[in-house]
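*Asks:* Attaching a single structure in structure tokens format; questions to follow.
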Amino acid sequence: MTAATDRSRRRGGTADRHAWIDYPRRGRGGVRRWVPSWRLVLGGALTGVGALLGLFALVYGQVGIPSENALAKQESNVYYWADGSHMVSVGTVNRRNVPLDKVPVSLRDAAIAAENADFYSDSGVSLRGIGRAVSSMAGGGEPQGGSTITQQYVKNTYLSQERTLSRKVKEFCIALKLDNRTSKDEILQGYLNTSWFGRGAYGIQAASNAYYGVDVTELDPSRSAFLAALLKGGNSYDPAVSAANERRAKERWSWILDRQVELGMMEAAERARYTVFPMPLSRSVSTNLSGQTGYLVDLAKRYVKKRTGLTDADLDRGGYQIHTTFEKDAVRKLERSVRGALDRGLDPEARKEDRHTQVGAASVRPADGAVVAVYGGPDATEHFANNADTSGVPAGSVFKPFVLAAALEHGVRAKDGTTVPVSPESYYDTSGRLSAGVPALGVPGTVPPTPYGLPATLRMATVLSSNTTFRRLGADVGYR
């Protein structure tokens, strides 16, 4: 062995220079021994990229497109007044899905400009977004936003709202697959129907009604820009929440309009027309079913079930539009009338029994029998029994005017005749004879009668609401 060879081996030189990983570097002294070569850096980078691609391929292959969340498909049932205006939306989720062709182009453009300008050309994912999520998690923070419309739709429809790296990776994989299997229009439609806009509104139809009280088809570009701003966070951009929210909402509304011009979605001349912020309606804090509304919905729901065969489970799944015969003004007038009568006739402070008085009322259109108004109680969210329609409280004397009207119309009684003494316990037997007391078998639980012999003409019987007289009158007229 030569001296040169021996020195080379001691320095870790040429004898092993073809080793697979030359680190620490042989043949180098001092600090240079610990500085990796460009080959080592490149090899390490390629190995890392290869490992990541392999891992992604493995995860991508294992993650499929799951079934839609039940909540994502849940809709509310919408009830309408007789004039076609919106009465109330009822359901677990305040949402009514609408097809994309019913959504104004101005709203579609505003959403794309605000959330994902490259929506129609991208692959459904944002590498920048997933990179930001990884970086944030590595630093101990929460994953950040920046998702495409497709990714947001996947999160709304197939996944949970948890902010974790694993959910973000699943979202990324599903979005890639969904973009290859579903049209962009279908994705945009699903996104607009599943997004949360604040005020308890899911989907653009519910948002249109919550903020402006209109159908989505009635939105103009200015209002569309504001609703698109809410996609970034309903609670952060609802002007009704705070002055800071109002400032943010105006800034983002203006930016979205400018962005549409920049992207060629809107002409500058049209943009110049929108200088006044479209302030939405005040935020309502009342429950949907308060006042008389709950009673109206209860009646309509029971009618629908009886006439259509739908079950409670069917209605709970939502998506029904129920048009009623109830008239908004008639309901308000009936409620005022009942409250006025109660105020005039009752004194709960002076008379204990007045505290337990309950009232139910209904207004029917004679021409076709349509119920146009009801008063079911003071408030459906506090007094749950519907006094206007309950088997526990029979109609009783409410029906007597109809019997009298039928008798007069058909000539059964044209004028007052002879009078006979009757009492509250009087009744007609099967042979048509009047008995001044209770039947021989009696009525279980009743107190023995106290006849007081009241001579009553038909006119007087109407004034006194005599049950006996009207029972016989009904028999004379015919019950059919």
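To convert a position in the sequence shown, counted from 1, into the working numbering, add 881.
Positions of the beta carbon are idealized from the N, C-alpha and C atoms, including for glycine.
Predicted model only: the values in this text are computed from it and were never measured.
1) Taking DSSP as the reference, what is the three-state secondary structure of S1076?
2) Keeping to the same chain, check which residues put their C-beta closer than 6 Å to that of S858; ignore five residues upstream and five downstream.
3) Straight-line CA distance for N1267 to A1242?
4) From which residue to which residue does the alpha helix (DSSP H) around V986 run?
5) Within 10 angstroms of the Cβ of D982, are there 16 or more other Cβ atoms? Answer buried if so, exposed if not.
6) Any idea if K1187 is buried or exposed, counting beta-carbon neighbours within 10 angstroms, 16 or more meaning buried?
7) Give the secondary structure of L1345 by DSSP, where H, G and I count as helix, E and B as strand, and everything else as coil.
8) Look at the alpha carbon of Y1176 and the alpha carbon of S1278, and state the distance between them as a whole number of angstroms.
9) Indicate the three-state DSSP secondary structure (helix, strand or coil) for R976 in the structure shown.
10) Checking 7 Å against the spacing of the C-beta atoms, do D1060 and S1004 come in under that value?
11) Quick one: complete beta strand (DSSP E) runs, 3+ long, within the segment 1150-1229?
12) If the criterion is Cβ atoms closer than 7 Å, does the pair R992 and Q1141 meet it?
13) Quick check on DSSP: helix, strand or coil for N1061?
14) Please classify S1028: does DSSP put it in a helix, a strand, or coil?
15) Does the pairing of the segment 1085-1099 with the segment 1154-1163 give three or more beta-carbon distances under 8 Å?
16) Could you tell me if F1280 is buried or exposed, where buried requires 16 or more neighbouring beta carbons within 10 angstroms of its beta carbon?
17) Spell out a yes or no on whether the segment 1221-1230 and the segment 1195-1202 are touching, meaning 3 or more CB-CB pairs, one atom from each, closer than 8 Å.
18) Identify, in the order they occur along the chain, each residue of the same chain with its Cβ nearer than 7 Å to the Cβ of D1096, setting aside the five sequence neighbours on each side.
19) Could you give the distance in angstroms between the alpha-carbon of V1219 and the alpha-carbon of A1082?
20) Answer yes if the segment 1104-1118 comes into contact with the segment 1129-1139, meaning at least three C-beta pairs across the two stretches below 8 Å, and no otherwise.
21) Do you know whose CA, among R1152, A1342, R1154 and V1035, lies nearest T1075's CA?
22) Can you grab the Cα-Cα spacing for the pair S1346 / F1283, in whole Å?
23) Going by other Cβ atoms of all chains shown within 10 Å of its Cβ, with 16 needed for buried, is V1358 buried or exposed?
24) Can you give me the Cβ contacts of V974 inside the same chain, cut-off strictly under 8 Å, excluding the 5 residues immediately before and after it?
25) To the nearest angstrom, how far is the alpha carbon of E1263 from that of R1217?
26) Just to confirm, are A1109 and Y1118 a CB contact at a threshold of 7 Å?
27) Return yes when the Cβ of T1206 is within less than 7 Å of the Cβ of A1251, no when it is not.
28) According to the neighbour-count rule (16 or more other Cβ atoms, all chains shown, within 10 Å of its Cβ), is L1285 buried or exposed?
29) Helix, strand or coil for A1286? Go by DSSP, reduced to three states.
30) Counting only the same chain and skipping the five closest in sequence on each side, list residues whose C-beta sits under 7 Å from that of R1246.
31) What's the gap between the Cα of M1341 and the Cα of P1259?
32) Return helix, strand or coil for R1246, following the three-state DSSP convention.
33) Going straight from the alpha carbon of K1058 to that of L1073, what length do you get?
34) Within 10 angstroms of the Cβ of Q964, are there 16 or more other Cβ atoms? Answer buried if so, exposed if not.
35) What is the DSSP secondary structure of N1116, counted as helix, strand or coil?
36) Go through its chain and collect everything with a Cβ distance to I1030's Cβ below 8 Å, but skip five positions before and after it.
*Replies:* Based on what the coordinates show:
1) Translated into the one-based positions of the sequence shown, residue 1076 becomes position 195. Looking at S1076 - three-state DSSP - the assignment turns out to be coil, as it is neither helix nor strand.
2) Given a span of 882 to 1361 for the chain in the structure shown, any question on residue 858 remains unanswerable.
3) Residue mapping note: residue 1267 aligns to position 386 of the sequence shown, counting from 1. Residue mapping note: residue 1242 aligns to position 361 of the sequence shown, counting from 1. N1267 and A1242: Cα-Cα distance of roughly 10 Å.
4) Walking along the sequence shown from the start, residue 986 turns up at place 105. Segment V986 to E996, the alpha helix (DSSP H) holding V986.
5) Within the sequence shown, residue 982 is the residue found at index 101, counting from 1. The residue is exposed, with fewer than 16 neighbouring Cβ atoms inside 10 Å.
6) Counting from one through the sequence shown, the residue named residue 1187 turns up at place 306. Around the beta-carbon of K1187, fewer than 16 other beta-carbon atoms lie within 10 Å, marking it exposed.
7) Position 464 of the sequence shown, counted from the first residue, corresponds to residue 1345. Of the three classes helix, strand and coil, the one that applies to L1345 here is helix, per DSSP.
8) Here the question's residue 1176 lines up with position 295 in the sequence shown. Here the question's residue 1278 lines up with position 397 in the sequence shown. Straight-line spacing of the CA atoms in Y1176 and S1278 works out to 22 Å.
9) Position 95 of the sequence shown, counting from 1, holds the residue named residue 976. Looking at R976 - three-state DSSP - the assignment turns out to be coil, as it is neither helix nor strand.
10) Locating residue 1060 in the sequence shown gives position 179, counting from the first residue. Locating residue 1004 in the sequence shown gives position 123, counting from the first residue. Cβ distance < 7 Å, so D1060 and S1004 count as in contact.
11) Those beta strand (DSSP E) runs which fall completely within the segment 1150-1229 and span 3+ residues are 1202-1204.
12) Counted from its first residue, the sequence shown places residue 992 at position 111. Counted from its first residue, the sequence shown places residue 1141 at position 260. According to the sequence as given, residue 992 is Ala; it is not Arg. No, they are not a contact pair.
13) Within the sequence shown, residue 1061 is the residue found at index 180, counting from 1. When secondary structure is reduced to three states using DSSP, N1061 falls in the helix class.
14) Here residue 1028 corresponds to residue number 147 of the sequence shown, with the count starting at 1. When secondary structure is reduced to three states using DSSP, S1028 falls in the coil class, being assigned neither helix nor strand.
15) Touching, yes.
16) Taking the first residue of the sequence shown as 1, we reach residue 1280 at position 399. Taking every protein chain shown into account, the CB of F1280 has fewer than 16 other CB atoms within 10 angstroms, so this residue is exposed.
17) Verdict: no, contact absent.
18) If you number the sequence shown from 1, residue 1096 lands on position 215. Excluding positions up to five away in sequence, the list reads S1089.
19) On the sequence shown, residue 1219 is found 338 positions in, with the first residue counted as 1. On the sequence shown, residue 1082 is found 201 positions in, with the first residue counted as 1. The straight-line gap from Cα to Cα measures roughly 34 Å.
20) Flag = yes, the segment 1129-1139 and the segment 1104-1118 touch.
21) Translated into the one-based positions of the sequence shown, residue 1075 becomes position 194. Of the listed residues, the one whose Cα sits closest to T1075 is V1035.
22) By one-based count along the sequence shown, residue 1346 stands at place 465. By one-based count along the sequence shown, residue 1283 stands at place 402. Whole-angstrom Cα-Cα distance: 13 Å.
23) Residue 1358 sits at position 477 when you count from the first residue of the sequence shown. By the 16-neighbour rule on beta-carbons within 10 angstroms, V1358 is buried.
24) By one-based count along the sequence shown, residue 974 stands at place 93. Excluding positions up to five away in sequence, the list reads L952, Q955, E956, S957, Y1083 and G1199.
25) Position 382 of the sequence shown, counting from 1, holds the residue named residue 1263. Position 336 of the sequence shown, counting from 1, holds the residue named residue 1217. In a straight line, the C-alpha of E1263 is about 18 Å away from that of R1217.
26) Here the question's residue 1109 lines up with position 228 in the sequence shown. Here the question's residue 1118 lines up with position 237 in the sequence shown. No, the pair does not count as a contact, with Cβ atoms beyond the cut-off.
27) By 1-based counting over the sequence shown, the position of residue 1251 is 370. By 1-based counting over the sequence shown, the position of residue 1206 is 325. Yes, the pair counts as a contact, with Cβ atoms nearer than the cut-off.
28) On the sequence shown, residue 1285 is found 404 positions in, with the first residue counted as 1. With 16 or more other Cβ atoms within 10 Å, it is buried.
29) Working through the sequence shown from its first residue, we reach residue 1286 at position 405. Three-state DSSP puts A1286 in a helix.
30) Counting from one through the sequence shown, the residue named residue 1246 turns up at place 365. Excluding sequence neighbours, R1246 sits near V1253.
31) In the sequence shown, counting from the first residue as 1, residue 1341 sits at position 460. In the sequence shown, counting from the first residue as 1, residue 1259 sits at position 378. If I take the Cα positions, the gap works out to 33 Å.
32) In the sequence shown, the residue the question calls residue 1246 occupies position 365. If DSSP states are grouped into helix, strand and coil, R1246 belongs with the strands.
33) For the purposes of this step, residue 1058 is identified with residue 177 of the sequence shown, where counting begins at 1. For the purposes of this step, residue 1073 is identified with residue 192 of the sequence shown, where counting begins at 1. C-alpha separation (whole angstroms): 20 Å.
34) Here residue 964 refers to the residue found at position 83 of the sequence shown. The sequence as given places Asp at residue 964; Gln does not occur at that position. Taking all protein chains shown into account, D964 has fewer than 16 neighbouring C-beta atoms within 10 Å of its C-beta and is therefore exposed.
35) On the sequence shown, residue 1116 is found 235 positions in, with the first residue counted as 1. N1116 carries a helical assignment under DSSP once its states are collapsed to helix, strand and coil.
36) Taking the sequence shown and counting its residues from 1, one reaches residue 1030 at position 149. Here the set comprises A992, I993, E996, N997, F1000, I1068, L1069 and Y1072.
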